[in-house]
Amino acid sequence: MYIPIIGALVGIILGVIIPYDIPINFVKYTAIAILAALDAIFGGIRAQLVQKFIFSKFMSSFFTNTALAALLAFIGDTLGIDIYMGAIVVFCIRIFQNLSLIREEIFDRVKWCHIGSDNQRKDI
Amino acid sequence: MVEIRSWQVGIAIVSMMLGLILVFQLRTEWRISTTLPTRQVNELAKIYGSQKMQLEKYKQENEYLHKQLKDYDRDQEIVRLRMATGLVPLRGQGIFITLTNYDKKLDNYEDPNFYIVHYYQLDLLINELWAAGAEAIAVNKNRIINTSGFSCAGTTLLVDAKRLAPPYEISAIGNPANLKKAITLPGGYVEQEILAFNLKFSMETVDRIEIPAYKGAISYEYARAVKERK
């Protein structure tokens, strides 16, 4: 559980160290990247909870999602339409769905914990 | 030692990227919030200054146009044009000329042609008056306008298709001294056309002479106004 937190901390430290400013024109892309990362994290946790996590699948889904969203944003920029909003909406919906699934899974576990079922998973 | 699982690594990588991007975005946001307002302030100040200058300019222009509008005074312009076209009666100082045929009883051998006023004599007189700076001329209470013409009609003459008979009374508004001098010039009109033919001629300065308006119709059948290009 602590490894992801360490990863986040490393990222924050790296971000502080690297003196890089995102150009204002690319703020849209940043928003998409942030949402894609959050979506990937929630999706990964959920997948792990249902024990369907595959590393390669996880990473590839993260990168392809981000790439497609960035492409949408780029097309939207060229056409002057805010297509990237669609990607953002989809990411947000997925995040909430994953969150609700994670919640359900944890509730189930707590219940099993109380019942004392053998089904209890101790992956997380 | 906790076993490192693949999912933890994956999520760690993604969280690292998330943290990185978040920090970048935060920094950008911070930069925007700190720098953009001041830039906007400068820009706004510049815009304000230029707009103020423009306002000042427009105010001046407005004043100028108002002044011009006052100066213009349409009614005055119309009166001036009516005066020029002879549509209004005029008065002012000028001279009053009376021109009549020679009234001597003619002998049989004498040609009466030499003793009557001809249309060209009147024309010459009026031309002389115009040239001397007359502003308005009337012959026998008939206003002479820019299209007026003279023609012969036996012992009488026609001005604008109106028959006039002697004595011809010519009133002209203008500088009386100038008009008089122009006519009585040595070798001028009086000498050549009046004295030579023994016509009766009298001339007096009038302080207040009235000239009637032109009574005929002014119509333009062929002439069209050309729009001036500005």
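Residue numbers (our numbering), protein chains in the order written: chain V, -10 to 113; chain C, 4 to 233.
All C-beta atoms, glycine included, are put in the ideal place defined by N, C-alpha and C.
Under the Cβ criterion of 8 Å, residue 18 of chain C is counted among the residues facing chain V. Closer than 8 Å to the CB of residue 68 of chain C there is not a single CB belonging to chain V. Contact annotation: in the stretch 18 to 31 of chain V, residues whose CB is within less than 7 Å of a CB in chain C are 19, 22, 23, 26, 27, 29, 30.
Taking a contact to require three or more Cβ pairs closer than 8 Å, the stretch 207 to 223 of chain C and the stretch 163 to 182 of chain C qualify as touching. When secondary structure is reduced to three states using DSSP, residue 79 of chain V falls in the helix class. When secondary structure is reduced to three states using DSSP, residue 16 of chain V falls in the helix class. Residue 74 of chain V is outside the set of residues whose beta carbon lies under 8 Å from a beta carbon in chain C.
Among the CB atoms of chain V, none fall inside 8 Å of the CB of residue 52 of chain C. Residues of the stretch 37 to 53 of chain V with a Cβ closer than 7 Å to any Cβ of chain C, in chain order: 37, 42, 44, 47, 48, 51. A distance of 8 Å or more separates the beta carbons of residue 172 of chain C and residue 92 of chain C. By the Cβ criterion, the stretch 47 to 62 of chain C is not in contact with the stretch 64 to 72 of chain V, since fewer than three pairs of Cβ atoms, one from each stretch, lie closer than 8 Å. DSSP, reduced to helix, strand and coil, places residue 1 of chain V within a helical segment of the structure shown. In the DSSP annotation of this structure, residue 135 of chain C is not part of any alpha helix (DSSP H), being labelled neither H nor E. The beta carbon of residue 61 of chain V sits no closer than 8 Å to any beta carbon of chain C.
The C-beta of residue 36 of chain C comes no closer than 8 Å to any C-beta of chain V. In the structure shown, residue 40 of chain V falls within a coil segment according to DSSP collapsed to helix, strand and coil. Proximity of chain C to residue 10 of chain V at the Cβ level (cut-off 8 Å) is accounted for by 27, 30, 31, 34, in chain order.
In this structure, the beta-carbon distance from residue 156 of chain C to residue 166 of chain C falls below 8 Å. Residue-level contact check: residue 90 of chain V does not touch chain C, since none of the beta carbons of chain C fall below 8 Å from its beta carbon.
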